[in-house]
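40 is the number of the first residue of the sequence shown in the working numbering; add one for each residue after it.
A virtual CB, placed ideally from N, CA and C, is assigned to each residue, including glycine.
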Amino acid sequence: MRSVLVQERKNRRLTRKEVSKALELAEVTIRKLEEGSRDPSIKTAGKLSLFYNKRMEDLFPDIFLHSVDTKRINKTT
């Protein structure tokens, strides 16, 4: 679950239906985005970012997660 996305909606006391109407998205899309079972397009992520006045990276940390590769491939000669 994308807790920041859900919390932003709840902080504004909005239903998924209200968010979907405001952003012209299907209610099922909002639900799936919040559950994490669907990833947003850049356009949809941008809409949500503007709507909630939050960075896309904050709303969807699982997509924008920066990882550090700690494994190294050793070259054998």
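Sequence-distant residues of the same chain with beta carbon closer than 6 Å to residue i, five excluded per side
i, result
"Tyr91", "Glu47"
"Met95", "Ala84, Ser88"
First through last residue of the alpha helix (DSSP H) which encompasses residue i
i, result
"Pro17", "Not covered by the structure: residue 17. The range shown for the chain is 40 to 116."
"Leu72", "66-74"
"Phe99", "Segment: none, Phe99 is in no alpha helix (DSSP H) and carries neither H nor E."
DSSP-derived helix/strand/coil call for residue i
i, result
"Glu63", "coil"
"Arg94", "coil"
"Arg51", "coil"
"Leu104", "coil"
Whether residue i touches residue j by CB criterion (8 Å)
i, j, result
"Leu98", "Leu87", "yes"
Same chain, Cβ closer than 8 Å to residue i, five either side skipped, listed in chain order
i, result
"Val43", "Lys93, Asp97, Leu98, Pro100"
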